[in-house]
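Residue numbers (the numbering used here), protein chains in the order written: chain A, 505 to 785; chain B, 505 to 785; chain C, 505 to 785; chain D, 505 to 785.
4 protein chains.
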Amino acid sequence: MTIRATFLVAAPDQPGLVARLAGFFYERGLNIVDAGQHSDREPKSFFMRLVIELAPTTDRDELQRGFAAVCTALSANWSAGFSDLLPRVAILVTREAACLYDLVLRQRSGELRCEIPFIAGNQPDLAAAAESFGIPFHHLPVIRETRPAQEAQIAALAKEHRLDLIVLARYMQVLSADLLARLPQVINIHHGFLPAFQGARPYLQAFERGVKMIGATAHYATAELDQGPIIEQDVARVTHQMDAEELSRVGRDVERVVLARAVRAHLERRILVEGRRTIVL
Amino acid sequence: MTIRATFLVAAPDQPGLVARLAGFFYERGLNIVDAGQHSDREPKSFFMRLVIELAPTTDRDELQRGFAAVCTALSANWSAGFSDLLPRVAILVTREAACLYDLVLRQRSGELRCEIPFIAGNQPDLAAAAESFGIPFHHLPVIRETRPAQEAQIAALAKEHRLDLIVLARYMQVLSADLLARLPQVINIHHGFLPAFQGARPYLQAFERGVKMIGATAHYATAELDQGPIIEQDVARVTHQMDAEELSRVGRDVERVVLARAVRAHLERRILVEGRRTIVL
Amino acid sequence: MTIRATFLVAAPDQPGLVARLAGFFYERGLNIVDAGQHSDREPKSFFMRLVIELAPTTDRDELQRGFAAVCTALSANWSAGFSDLLPRVAILVTREAACLYDLVLRQRSGELRCEIPFIAGNQPDLAAAAESFGIPFHHLPVIRETRPAQEAQIAALAKEHRLDLIVLARYMQVLSADLLARLPQVINIHHGFLPAFQGARPYLQAFERGVKMIGATAHYATAELDQGPIIEQDVARVTHQMDAEELSRVGRDVERVVLARAVRAHLERRILVEGRRTIVL
Amino acid sequence: MTIRATFLVAAPDQPGLVARLAGFFYERGLNIVDAGQHSDREPKSFFMRLVIELAPTTDRDELQRGFAAVCTALSANWSAGFSDLLPRVAILVTREAACLYDLVLRQRSGELRCEIPFIAGNQPDLAAAAESFGIPFHHLPVIRETRPAQEAQIAALAKEHRLDLIVLARYMQVLSADLLARLPQVINIHHGFLPAFQGARPYLQAFERGVKMIGATAHYATAELDQGPIIEQDVARVTHQMDAEELSRVGRDVERVVLARAVRAHLERRILVEGRRTIVL
Chain A
505 MTIRATFLVA APDQPGLVAR LAGFFYERGL NIVDAGQHSD REPKSFFMRL VIELAPTTDR
565 DELQRGFAAV CTALSANWSA GFSDLLPRVA ILVTREAACL YDLVLRQRSG ELRCEIPFIA
625 GNQPDLAAAA ESFGIPFHHL PVIRETRPAQ EAQIAALAKE HRLDLIVLAR YMQVLSADLL
685 ARLPQVINIH HGFLPAFQGA RPYLQAFERG VKMIGATAHY ATAELDQGPI IEQDVARVTH
745 QMDAEELSRV GRDVERVVLA RAVRAHLERR ILVEGRRTIV L
Chain B
505 MTIRATFLVA APDQPGLVAR LAGFFYERGL NIVDAGQHSD REPKSFFMRL VIELAPTTDR
565 DELQRGFAAV CTALSANWSA GFSDLLPRVA ILVTREAACL YDLVLRQRSG ELRCEIPFIA
625 GNQPDLAAAA ESFGIPFHHL PVIRETRPAQ EAQIAALAKE HRLDLIVLAR YMQVLSADLL
685 ARLPQVINIH HGFLPAFQGA RPYLQAFERG VKMIGATAHY ATAELDQGPI IEQDVARVTH
745 QMDAEELSRV GRDVERVVLA RAVRAHLERR ILVEGRRTIV L
Chain C
505 MTIRATFLVA APDQPGLVAR LAGFFYERGL NIVDAGQHSD REPKSFFMRL VIELAPTTDR
565 DELQRGFAAV CTALSANWSA GFSDLLPRVA ILVTREAACL YDLVLRQRSG ELRCEIPFIA
625 GNQPDLAAAA ESFGIPFHHL PVIRETRPAQ EAQIAALAKE HRLDLIVLAR YMQVLSADLL
685 ARLPQVINIH HGFLPAFQGA RPYLQAFERG VKMIGATAHY ATAELDQGPI IEQDVARVTH
745 QMDAEELSRV GRDVERVVLA RAVRAHLERR ILVEGRRTIV L
Chain D
505 MTIRATFLVA APDQPGLVAR LAGFFYERGL NIVDAGQHSD REPKSFFMRL VIELAPTTDR
565 DELQRGFAAV CTALSANWSA GFSDLLPRVA ILVTREAACL YDLVLRQRSG ELRCEIPFIA
625 GNQPDLAAAA ESFGIPFHHL PVIRETRPAQ EAQIAALAKE HRLDLIVLAR YMQVLSADLL
685 ARLPQVINIH HGFLPAFQGA RPYLQAFERG VKMIGATAHY ATAELDQGPI IEQDVARVTH
745 QMDAEELSRV GRDVERVVLA RAVRAHLERR ILVEGRRTIV L
């Protein structure tokens, strides 16, 4: 199977960007099989995603060095991934099983192309679920006093397994700013339609306010709770007949799908973060 | 054509409510052609909508007196409407035409069963649109100093035309608590997905926060801005490619449909207000 | 916990139906906690769902005999279920895991109130999944020649376990009319938006036709393939960028949710079948 | 205001396409402000949309001749439009007003950037609506015997006004293959979710089949009825409570929005037709 490389570029907008980036690969005889781009007006910024097919003779290091040189000339940030190097993703959970099963089943079916070296939970409830998939489970209990030690364990596991991504699949703990600084990117699912219902118990808030739709939001975790760049959102229609518990049930269906879409976009290297926004190419 | 009467009832929950309300019409030989009900658990409340067909011999006054007696025994609030008495609805506008045209065309097509005795605008821009439909237009300009006088004009028009409902179709003025107390129910369309983006310029807020969906909310106007009971909401998917202006364009399509659905539900006497929520039967 | 009984009634429309049905329970001092109804105009038919709370002293047999007598007088069909008697549901599968996991997880979380006495597959692939949940798995392989024998096994299992419902969760075999006649109701999920893409490979059809949305349809299985009464449908937006495989992936997310909603509505006794349509109260 | 040019290209896929197309404009010092592309695998085809800003000194004829030369070398089809040359669009109607008003209001608000030189109807009902917008109205009645003559009138008007597009806004006549061959592209709105309910009375079909969602489809008209390339679709949820008339009402809201989106995509030169599919960039 042909190996593909995916390049993400963010640069100050300037004439000739597309021609120069596309030209770089054309000169090497490499075919662009997918491309997407976006320009922001204020500030004038340019974002591009390029997927190319490697030739059998392609020297990856040379390719990346050459691309780096072009990007330096354009004052551009860039990153690259290769289709034969699967990203390593850990899943953090508490008690709720739905998002965890959903992610693992999607990985098993090939929809989420990644490895899952471990699952960790601050509660032991989902150990059996992890075991049924043959994935190691780490029980990392936490109370206020042990939080620094528990977070150190998470950081150590992330380093040991050279994680590329952590997914909070209904992990009911806030990660400290200090921990986030030591981790790769972290995707969280918020069980509400941000920014409407921040904080705890969004479905109770939604019920009391009598909203007619509820939603879920997947975003990158940042030190500021529920304020990270939004990756994906969706909603479902609800009625006055539903109490807070039923809203929660409807919401879980939305959460799972929204989280899976966000993780997939990340794994396919489609997401660029620009301030508080994401560009999903 | 058979005349129908629609009864709305709200009562403390208690055994036998359905049997007694349905029995009232059965005893008079009147057929229930549509019914809906809902029970709230806390506090235990009961809501019902009953549509019956009048017989040629039905005495409406007697019917309402009799129903009132049943409701008194049940400590219930109630109201009734008759299909041959069209509600009288005024539309308040500023400059944007889409919602106004939409409402009038739906009334003309029979979808909104009401009379529209007048349209009023704080700007003169939509006078020609009103005229093209043969509906009187009142230009009621307002600046801070003239606001009490302008609101008095609105109240006077509402009284003169015995309005049953006022629709704010992108009327860019806040109605004072004092005015609201003198008007029939007022439906407003908020060009955002409440409670996410309250206040002004919701689309700019939505853009800057990078949301992936935008929405619109129709609610009854109350003295507390953007906090009235929500009647209807809907959303549309947006992307990073859309600037605030394009979000606004997408939003307008949602607004029109949401406002029309809310007005229709009101005209069909489907809405009961319970605190900050609506029950839409 | 209070036990609830749910009654479903279908009757020729006639005056006094609501009053008589509601009155039946009122006379016995039983509270109606939820009710829904619908009237068809042509032919004039009436459908009602009534949920009541049993009293500690309620004699179920007497209650059902009494209700049967009322229904006979009204020429009505009826059925009843009690909240402490869980319906028994078997799941039939082939190779795809997503719908199976989804149903079992929803049952485990309390969202689908039923027992699952067994899972059966014409392929052995999902035996381990069944085992991980502690549910017996029957491998029932089938080729053309063995089909009558295999169907006899299914019928025997359904009888042995006194099934109330069978769910085809991506079971890639057509059930014969003969078998359907020996089974309780069967819910199937069609991976297309019926009636648009009947038969095999709906996603390939959808791709070749260039549709912009794809969907899934849950329906009761009947002898006529893909023609049974539709219970639930939903769609997702797709683009020209998606090939048939990606359409299939998007479709799977819709399928799962649509199937779960249909099964839940059935278990809550919300569905009445009227010819080729369903009334979902 | 800067003038923009939009180029659409369809070519057999081959290495260096992006580099050569982007390079063409880079050499001339013209900035690409928006770009989209898509590759089909089978047959291997490439589609691209490029939006550039013209410089004050740009010679449009030279630009197009140069671009044509590049495209010839690539065996590519191409077309171009300029933002200061508004497309000329006629609207054909029968009796229903909603789609007509919707399109004209969107043009007036700047959402649809085009001229509307005339509206034509086979019924006279919408003449007053056209007049209220100051747009000439042609009443072109038609019966079976006069159809060739009436179609000749349509063709003559299209030629006289040098139309770029014709929109059938609920025009209840089928255009003959002969007429279609003499017209520019024609966009039609089908009041059903193609390919589910082709032909007449789709809402009655939908009701009788008991579907839970209805939709609308905008497509290019071809000689084969309801089989043209689909541009846009959307759906709305419906219930057993809605009769065919109410389905129709819900459907109208979907139709309007779907038709407007399709016309807008066409005017922005986003659509490439590939066999029976559209690529919407």
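The beta-carbon is built from N, C-alpha and C at its ideal position, and this holds for glycine as well. This one's a predicted model, so the numbers in the text were calculated from it and none came from an experiment.
{"Asked": "Strand pairing of V647 of chain A, partner residues [DSSP]", "Found": "The identity of residue 647 of chain A in the sequence shown is Ile, whereas the question assumes Val. DSSP output for I647 of chain A lists no bridge partner at all."}
{"Asked": "Residue burial classification, H695 of chain B (beta-carbon count within 10 angstroms, cutoff 16)", "Found": "buried"}
{"Asked": "Under 8 Å from the C-beta of V609 of chain C: neighbouring residues of chain A", "Found": "In the sequence as presented, Val is not what sits at residue 609 of chain C; that position holds Leu. Within chain A, the residues near L609 of chain C are A601, A602, Y605."}
{"Asked": "Proximal residues of chain B, C-beta to C-beta of S636 of chain D below 7 Å", "Found": "S636"}
{"Asked": "Closer than 9 Å to chain A by CB, Q541 of chain D", "Found": "yes"}
{"Asked": "Chain C contacts made by the stretch 512-540 of chain B, where a contact means CB separation under 9 Å", "Found": "D517, Q518, P519, G520, L521, V522, A523, R524, L525, A526, G527, F528, F529, Y530, E531, G533, L534, N535, I536, V537, D538, A539, G540"}
{"Asked": "C-alpha distance - S587 of chain A paired with S752 of chain C, whole-angstrom precision", "Found": "22 Å"}
{"Asked": "9 Å Cβ cutoff, R741 of chain B in contact with chain C", "Found": "yes"}
{"Asked": "C-alpha distance - G714 of chain B paired with E712 of chain D, whole-angstrom precision", "Found": "43 Å"}
{"Asked": "Residue range of the beta strand (DSSP E) that includes T721 of chain D", "Found": "717-724"}
{"Asked": "Within 9 Å, strictly: CB atoms of Y605 of chain A and R524 of chain D", "Found": "no"}
{"Asked": "Short-range partners of chain D found in the stretch 749-772 of chain B, where Cβ spacing is below 7 Å", "Found": "R753, D757, V761"}
{"Asked": "Paired residues, beta bridge with N535 of chain A - DSSP", "Found": "Note: N535 of chain A sits in no beta bridge, so no partner."}
{"Asked": "Beta-ladder partner(s) of T598 of chain B, from DSSP", "Found": "Per DSSP, none; premise fails for T598 of chain B."}
{"Asked": "Residue of A:I718, A:K548, A:A764 minimising C-alpha distance to G614 of chain A", "Found": "A:A764"}
{"Asked": "Cβ-Cβ distance between P591 of chain B and E619 of chain B below 9 Å", "Found": "yes"}
{"Asked": "Simplified DSSP assignment, three categories, for P560 of chain A", "Found": "coil"}
{"Asked": "Stretch pair the stretch 592-600 of chain B + the stretch 664-672 of chain B: three plus CB contacts closer than 8 Å", "Found": "yes"}
{"Asked": "For A710 of chain B, the first and last residue of its enclosing alpha helix (DSSP H)", "Found": "706-713"}
{"Asked": "Backbone CA spacing between L630 of chain A and I623 of chain A [nearest angstrom]", "Found": "9 Å"}
{"Asked": "Residue range of the beta strand (DSSP E) that includes H694 of chain C", "Found": "689-694"}
{"Asked": "Boundaries of the beta strand (DSSP E) in which E736 of chain C is found, first to last residue", "Found": "734-741"}
{"Asked": "Interface flag, R648 of chain A vs chain E, CB-CB below 9 Å", "Found": "Checking the listed chains, one finds no chain E in this structure; the protein chains it contains are A, B, C and D."}
{"Asked": "Cut-off 8 Å between Cβ atoms - residues of its own chain near S549 of chain D, not counting five sequence neighbours on either side", "Found": "A514, A515, P516, D517, S543, E778"}
{"Asked": "Near-chain B residues of the stretch 542-567 of chain D (beta-carbon distance less than 8 Å), N- to C-terminal order", "Found": "none"}
{"Asked": "is_contact[R569 of chain A, chain C] using C-beta, thresh 9 Å", "Found": "no"}
{"Asked": "Counterpart residues of I670 of chain D in DSSP-defined beta bridges", "Found": "D:A594, D:V690"}
{"Asked": "CA-to-CA distance, T506 of chain D to P560 of chain D, given in whole angstroms", "Found": "8 Å"}
{"Asked": "Cut-off 8 Å between Cβ atoms - residues of its own chain near A769 of chain A, not counting five sequence neighbours on either side", "Found": "I735, E736, I775, V784"}
{"Asked": "Chain B contact for E664 of chain D (CB, 9 Å cutoff)", "Found": "no"}
{"Asked": "Cβ of R612 of chain B within 9 Å of any chain D Cβ", "Found": "yes"}
{"Asked": "Between the CA atoms of A681 of chain A and Q657 of chain A - distance to the nearest angstrom", "Found": "15 Å"}
{"Asked": "Cα-Cα separation between Q611 of chain D and A577 of chain D, rounded to whole angstroms", "Found": "39 Å"}
{"Asked": "In DSSP terms, what L554 of chain A is bridged to", "Found": "A:F511, A:A539"}
{"Asked": "Three-way DSSP call (helix, strand, coil) for T576 of chain B in this model", "Found": "helix"}
{"Asked": "Reference D757 of chain A, options A:L616, A:G719, A:H723, A:K663, closest by Cα", "Found": "A:G719"}
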